[in-house]
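Per the working numbering, the very first residue in the sequence shown carries number 24; after that it's consecutive. Glycine residues also receive a C-beta, built at the ideal position from the N, C-alpha and C atoms. First comes the structure, then the notes that go with it.
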Amino acid sequence: MPVHLSPEGRSARLVEVDLGGQEAEQLQAALNEHLEAVGLQLLISGAGRWFLRGDDLPPGRSDPRLLPGGRVDYLIPRSTANLSWSKLWTELEMSLFSQRLNTERQERGLPPVNSLWVWGVGRCPQPPEHLPWQRVASDSPEWRGWTLLAGGMAGESVEEALNCSTDSVLIHCSRLSEALSAEDWPGWLKAVEFVEQSVIGPALDMLSVSKRRSRLWDKAELWIDADAPPIVLTKSDIWRFWLRPKAFEKYVVHVVQQGG
């Protein structure tokens, strides 16, 4: 994806840029003149996402949404094995420097596009023989893609997933980890509120009734950290009225403190 790398002392900070349709097409054509000579091609999807296609791809970097504070200096490859890619990237950055669209962006007070950030590099994996869930709801296109590849049903709507007629459902929310990695504490609190109201609340409702829309729920598992055991709730847990319920935020803070 096209980005702006802003120098800050000895480090650099990644700034995502918004490109109009015409700007994106101009940039794509200019960069492909260099990339196609080495067997690479930049593609833009209908949703405006950028893809780099080729048999031999450069080393992948981290998802820019997960970079702490947008700092990228320690993630830029510098090993001997990456010298050829570093040379190509230097040529691309020099080409970007001379692009008229960048001059026009700066005149409008917008950050110029001065680099490409390649992340998510890989080959299409073999689908698993068995998918534990019949339906997955996720705000991550990667998770939805993996689900479809494995033969499951995927979508973004949490409400549809909770009310579907399948036996097993996975709801994945990347907002918490993204906000935590970016040190965005207001965003983190909003993500906690979203999970509590849109996921946990409805899930507890599904457990508290014996039957809802011809579907029975036996238990709900809450995974906050992949390295920590899940919080498991069953129907009997719902009826333990003598236990004072805790807000979801308390569980998340506890896991974060243990991990950090």
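When DSSP labels each residue in this structure, what does residue i get in the three-state scheme?
i, result
"L65", "strand"
"V141", "coil"
"R36", "strand"
"R146", "coil"
"L106", "helix"
"V95", "coil"
"L54", "helix"
"W246", "coil"
"L42", "coil"
"S121", "coil"
"P253", "coil"
"E84", "Looking at the sequence itself, residue 84 is Arg, so the reference to Glu does not match. R84: strand per DSSP, three-state reduction."
"G77", "strand"
"P30", "strand"
"P1", "The structure shown has nothing for residue 1, since the chain only spans 24 to 283."
Please state if the CB of residue j and the CB of residue i are separated by a distance shorter than 9 Å.
i, j, result
"L75", "L139", "yes"
"P225", "V181", "yes"
"E39", "H27", "yes"
"R167", "E179", "yes"
"V95", "A35", "yes"
"Q122", "A53", "yes"
"P25", "L50", "yes"
"K242", "L256", "yes"
"D86", "W142", "yes"
"W205", "A214", "The sequence as given places Ala at residue 205; Trp does not occur at that position. It is not a contact, given that the beta carbons lie outside the stated cut-off."
Taking the alpha-carbon of residue i as reference, which of the options has the nearest alpha-carbon?
i, options, result
"A60", "P25, S68, L111 and P30", "L111"
"D79", "E56, A70, G69 and S107", "S107"
"G71", "G77, E56 and E48", "E48"
"C187", "M229, E201 and R146", "M229"
"L133", "D41, D260, S259 and E31", "D41"
"I194", "E219, G32 and T126", "E219"
"E116", "E216, L185, E206 and H57", "H57"
"V136", "A251, L37, S163 and S68", "L37"
"E244", "I223, T126 and G174", "I223"
Next on the checklist: So within the stretch 157–220, which uninterrupted beta strand (DSSP E) runs reach at least 3 residues, ignoring any that extend past its ends?
Outcome noted: 158–161, 176–178 and 192–195
Checklist entry - Just checking, does the stretch 146–161 make contact with the stretch 55–66 on the three C-beta pairs under 8 Å criterion? => result no
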